[in-house]
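Below is one structure; the comments refer to it alone.
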Amino acid sequence: MSIPRIGDPAPDFTAVTTQGPITLSEWQGGKWVLLFSHPADFTPVCTTELSELARRNAEFEARNVKLIGLSIDSIHSHLAWLDSIREKLGIDVPFPMIADLDTKVAQAYGMLHPGESATVTVRAVFVIDPTRTVRALVYYPLTCGRNVDELVRLIDALQTASANACATPVNWRPGEKVIVPPALTVDARKKRQLDGTIEKTTAYLAFKTL
Ligand code: BEZ
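Listed below in structure tokens is the structure:
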């Protein structure tokens, strides 16, 4: 089992989900995708993660991102868990959940880490861009719930960097200054000296307000 890396094509798949069969390449429809795995239905940390992602789904939609979850559970288990979350927490899960009983998708995305568990997927997140390229991956162990603020921030940073040919500094938040790539030729350095919008700290560290 290998893990798709940043810049690799995201493996395509067809899977059984709570919203019917889905083929990633067709379902994606030109949007970004956040594919996440959780260890198991009806477990406490996973319930907090799933309900928070569902509660904040509109924030992902506003960023052109479709969420899709996965675990090695049956479709019956997924549907019963979603019913329970609706009844007990008053939250509807609006995105599909993959029932990956044959572990096909989990294997393709390297979501099974036998040293952590032989039977359940770890907490993996793949950010996939509209060209179906893996743009980021995040892995958490079974015991630690993910931070949805950070996932939203990561998407903002990726989309801002792509749209503006820039990078984002440590702890960056939308609205803050971004990093301009270093000027690597004599001409580019001269041009930069004249560009009043660029705030230069050193030749290799320069910021800009978008
Ligand atoms: C949980 O979601 O609470 C959980 C699932 C698997 C192992 C440990 C914790």
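In terms of my numbering, the sequence shown opens at residue 81 and continues consecutively. The C-beta atom is built at its ideal place from N, Cα and C for all residues, glycine as well. Because the structure is a prediction, the values reported are computed rather than measured.
Candidates the options: closest to residue i by CA position
i      : options                           : result
Ser131 : Pro174, Asp236 and Gly100         : Pro174
Val214 : Ala90, Ser82 and Met81            : Ala90
Ala179 : Gly87, Ala120 and Arg85           : Ala120
Val228 : Thr199, Arg135 and Gly87          : Arg135
Trp107 : Ala95, Phe116, Ser242 and Val250  : Ala95
Ile235 : Pro254, Gly110, Asp153 and Ile278 : Pro254
Ile83  : Pro176, Gln187 and Leu159         : Gln187
Ile102 : Gly149, Phe122, Ala138 and Lys168 : Gly149
Residue i: first and last residue of the uninterrupted beta strand (DSSP E) it sits in
i      : result
Phe93  : Where Phe93 is concerned, there is no enclosing beta strand (DSSP E), given that its DSSP letter is neither H nor E.
Arg203 : Arg203 to Ile208
Burial state of residue i (16 or more Cβ within 10 Å)
i      : result
Tyr189 : buried
Leu285 : exposed
Arg226 : buried
Gly195 : exposed
Phe140 : buried
Leu104 : buried
Cys246 : buried
Ala198 : exposed
Ser164 : exposed
Below-8 Å beta-carbon distance, residue i vs any chain C residue
i      : result
Leu290 : Looking for chain C here will not work: only one protein chain is present.
Boundaries of the alpha helix (DSSP H) in which residue i is found, first to last residue
i      : result
Lys184 : Lys184 to Ala188
For the stretch 111 to 129 against the stretch 203 to 214, do three or more pairs of beta-carbon atoms, one drawn from each stretch, fall closer than 8 Å, so that the two count as touching? Taking 8 Å as the limit for Cβ pairs, the verdict is that the stretch 203 to 214 does touch the stretch 111 to 129.
Complete runs of the alpha helix (DSSP H) confined to the stretch 251 to 277 [at least 4 residues]: 266 to 274
On the three-pair Cβ rule with 8 Å, is the stretch 218 to 237 touching the stretch 177 to 186?
With the cut-off at 8 Å, the stretch 218 to 237 and the stretch 177 to 186 do not touch.
**Study point:** Ranges of the alpha helix (DSSP H) found wholly within the stretch 142 to 198, counting only runs of at least 4
**Key:** 155 to 169 and 184 to 188
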